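Notes for the one structure printed next.
Protein chains in written order, with our numbering: chain X, 14 to 285; chain G, 46 to 817.
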């Protein structure tokens, strides 16, 4: 598939607020991105506004505070999707089409049961949750991620294993927790850990380098098939060097560290 | 008051036969906040109409003629000094000012205050402040791209008893920051700059100023009024309720010990998750050119917006008030008419476009209701199911009184009466200035605000290595994806200067704003000002206002930089008549053609040459040093405007040639604090020698806060070129070196580690949470 033919559905409801930069990020790597309201996908819009999920090649859940996050981060958006188009989303994933969730998008994917989905495509109820940061505060700060994928994750396909990327975080609920005591080892066994927080020298992160206290420093995970990925930090915010927080101290390339994640999924689609 | 025989609450108020005493009583009982003189003018008007007014009409006048709405005390002074600074690139002076950004885009800017609501209910007051300023930008058709929140409070570590009815500053800070965070983060607009000002004089009346920047395609720039008669007015967004009734009157009087109980109903309730789709839908109907005008419902609610949108188009309006969607049944017509419920906008459109407009709002699940029509009669008429309840001449209604109130010019602080304080060692002084709450790190607040959402933040509010969190001067945005042109924004304000010498203080606020913008490599382009002062009915307070406005108007005019929007907030007085510091809060915007040339304040490397740009004078009045150690009087820094212009030009030229490694404005705490901050953010030390400054005393050299100064770091190989560009305006004062700040003049040495700790920890210690 050619890059210019790739159609990205950037899905939103009220309170989604990172859709502009998410759509821009995909367009910067050559795809066509459209911001689509959930109502347009479930037949609740005037004729000219209606869209169908199967017409898209990528589904992206941007960050924000969907529906205010008043119940639990991502819970309302996920419930509306399940009720209105749960089957279509599941089919989309089963076809191997890539799904990305960033920040609130990650929280939604977990609420939907598309992540971690250790033994299945989509669990009926969430099997993990993104809890309140250990600091108890919203944390907007630089974070450094290490690529942990051993090759399965579609969004990491071009990133050398162990490579460090500076990708900023901005959230109040990013601590990935599960009731399953073997959660982390299962994710590791399945090659489902996409990114870990580290210090800038690559050593283990503690606060603030791990901004939320996530166990095992997990920042992003994928599903067992590798086509669904969720992460708390925001790669779409660092598509160029000049939105990093420290670029005035010197840089080698004008390309931002987030771009390779979008290039990776385009590469994945190229082969399809 | 006589209840009219209709199936809803409506009263005819007998003012035609009322005595003076009765007029005053009516104003008080109906909470109109109108003076006797104003009530008499209203009585004369209704005599000419040949009837008594309804309660709806009187309430509407109470709104329209409040200080908040009609600027009756401040207008003559603003006219004299700040209006009419014009330049060809001012695109609009509407609800927000709009300036040329580039050939295709304009940028919007506006600041306003939400002081009194925040003093009563800090969380809700601050949140709705953000909501209101966003709407001002949205109704220009502009996408908000950045928020800025300068805040003033009493000392957060304040001990001892508080005056009755006053909340502890720590509680207020916590609530206000949470309100800004929860609203700003939820609507997804980055909070990119701001400021905290702490002083005992703000204890009884905190200041919450909120500013917003936006970007708009010039072809989509919206008007804030109708296109002409025969159009439909559509009310958009939130429902109308009893929250926020008499907010403008509350904002136009001093706070009292019982304001909390009396006026809580004047504080509106915010809802960012209604606002967010309202913004999307407004942009869509505007970009499709389906509407003719757009305006937000702020102070005075419907009563202000309907008249203004009609009158500015030379029209009147007929309103079917019963059509307004309500939060709860049973509101009286006057309550609906003046309610300031949040998240509401009004747009006007041609009748044939109504359906298309409603469809777009429906898609976003945003309530949109046609409630009025514009007419060719310059009157506002209200109907309730056909029953006429309001019929007034628009020019009379919105005209409002204007007062030339008496003022007395204050005696400025002088050098002649100066008393220099006893000081401990400079090491101790520097650490103590760095840990003064007005200087110390605001990371506690800054990181709770999402300052990067929308992916356009090029220069962040905290600078230096990742997570190091050094103090920046201005933030820079890249508003148009794919374009390298940048928009810089910075706050400038020194209320202590303004108190000690309002005229010089007013100038210094603009000077500081310019310094901050230039420090990142941008050229100052426009200002928006929020003038927070005390009770204008007191001659001393009005004198401060007048002198400060004269100062800032004079400097803006001479610099040729327009002020396309602004706001005045008077009556900032606490119970017992304690007035705030006179606080002209300036937000400045600057343009930089290529953000890749932006400069930050962190020292970049060892062995560079440190330059001081600008002359250091014996100007210690109201300096941080004097405030901290009990200095008395002294000259407040003045501004040599041609000198400021020249230095800005040459410094920007050097930055454009990329020979400035770092740059920081020199303000609170003088050279000592400025260099120390660059050490802190850069993580390296400096060795300075102030022998080149022409002053007899090292301490005046270190701590004077003379205006129009910067510290710049230049690589050794570029020193000749830098000196060539700067001429005698820059002198070398040292080099970056080691891990201490060393002052060779007197052998002082302050370890970097101690400075980092002194600067980082104070706010965390009081507000809680871990600093690094």
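Every residue, glycine too, gets a C-beta built ideally from N, C-alpha and C. Every value quoted in this text rests on a predicted model; they were computed, and no experiment measured them.
Is it the case that the Cβ atoms of residue 378 of chain G and residue 290 of chain G are separated by a distance below 8 Å? no
Looking only at its own chain, which residues have a Cβ that is under 7 Å from the Cβ of residue 451 of chain G, when we skip the five neighbours before and after it? 584
Distance between beta carbons of residue 336 of chain G and residue 394 of chain G, contact taken as under 8 Å: 5 Å
Classify residue 817 of chain G as helix, strand or coil using the three-state DSSP reduction. Per-residue confidence for residue 817 of chain G stands at a pLDDT of 42, beneath the threshold of 50, marking its modelled position as unreliable; the derived number appears in the next sentence. Of the three classes helix, strand and coil, the one that applies to residue 817 of chain G here is coil, per DSSP.
Residue 265 of chain X beta carbon near the ligand NAD (any heavy atom closer than 7 Å): With respect to the ligand NAD, the structure offers nothing, as it holds no ligand at all.
At the level of alpha carbons, what is the spacing between residue 682 of chain G and residue 814 of chain G? 37 Å
Using alpha carbons as the reference points, say which of G/556, G/283, G/476, G/251 lies closest to residue 720 of chain G. G/476
When the Cα atoms are used, what is the spatial distance from residue 216 of chain X to residue 229 of chain X? 13 Å
Status (buried if at least 16 other CB within 10 Å, exposed otherwise) for residue 129 of chain X: buried
Closest to residue 415 of chain G by CA distance: which of G/423, G/401, G/745 is it? G/401
Is it a yes or a no for the stretch 450-464 of chain G touching the stretch 695-704 of chain G, going by three-plus beta-carbon pairs under 8 Å? no
Write down every uninterrupted run of the alpha helix (DSSP H) in the stretch 95-147 of chain G whose length is 4 residues or greater and which is fully enclosed by it, in chain order. 100-109, 112-115, 120-126
So with CB distances below 7 Å, who are the chain X contacts of residue 505 of chain G? 258
Are the CB atoms of residue 478 of chain G and residue 501 of chain G nearer to each other than 8 Å? no
What residue range does the alpha helix (DSSP H) around residue 178 of chain X cover? Here residue 178 of chain X belongs to no alpha helix (DSSP H); instead the beta strand (DSSP E) covers 177-179.
Check the C-beta distance from residue 175 of chain X over to residue 159 of chain X and give it rounded, since I have them as a contact under 8 Å. 6 Å
Roughly how many whole angstroms lie between the Cα atoms of residue 816 of chain G and residue 196 of chain G? With a pLDDT of only 44 at residue 816 of chain G, under the threshold of 50, the placement of this residue in the model should not be trusted; the figure read from the coordinates follows. Straight-line Cα distance between these residues: approximately 22 Å.
How many Å lie between residue 87 of chain G and residue 558 of chain G at the Cα? 43 Å
If residue 133 of chain G and residue 571 of chain G are in contact, beta carbons under 8 Å, what's the gap, nearest whole angstrom? About 13 Å; that fails the 8 Å criterion.
With a cut-off of 8 Å on the beta carbons, I'd call residue 171 of chain X and residue 273 of chain X a contact; round off their distance for me. 6 Å
Given a cut-off of 8 Å on the beta-carbon distance, is the pair residue 759 of chain G and residue 668 of chain G in contact? no
Within 8 Å, do at least three Cβ pairs link the stretch 249-266 of chain G to the stretch 210-222 of chain G? yes
With a threshold of 7 Å on Cβ separation, who are the neighbours of residue 65 of chain G within its own chain once the five nearest residues in sequence on each side are excluded? 81
Please report the straight-line C-alpha distance between residue 359 of chain G and residue 114 of chain G, rounded to a whole angstrom. 20 Å
In whole angstroms, what is the alpha-carbon distance linking residue 366 of chain G and residue 237 of chain G? 40 Å
Strictly under 8 Å for the Cβ-Cβ distance: is residue 139 of chain X near chain G by that measure? no
Beta carbon proximity, residue 388 of chain G to chain X, threshold 8 Å: no
Taking only beta-carbon positions, decide if residue 90 of chain X is within less than 8 Å of chain G. no
Look up residue 365 of chain G in the DSSP assignment and give the residues it is bridged to. G/428
Rounded distance between the beta-carbons of residue 258 of chain G and residue 634 of chain G, thought under 8 Å: 7 Å
With DSSP run on the structure shown, which of helix, strand or coil describes residue 794 of chain G? strand
Helix or strand or just coil, what does DSSP make of residue 608 of chain G? coil
Can you list, in chain order, the residues of the stretch 36-61 of chain X whose Cβ is nearer than 7 Å to any Cβ on chain G? 37, 50, 52, 58, 59
Could you name the residues of chain X that residue 67 of chain G contacts, counting a contact when the two beta carbons are closer than 9 Å? Neighbours of residue 67 of chain G on chain X: none; closest Cβ ~49 Å, over 9 Å.
Using the Cα positions of residue 226 of chain X and residue 177 of chain X, report the straight-line distance between them to the nearest angstrom. 19 Å
On the DSSP bridge assignment, give the partners of residue 243 of chain X in chain order. X/114, X/234
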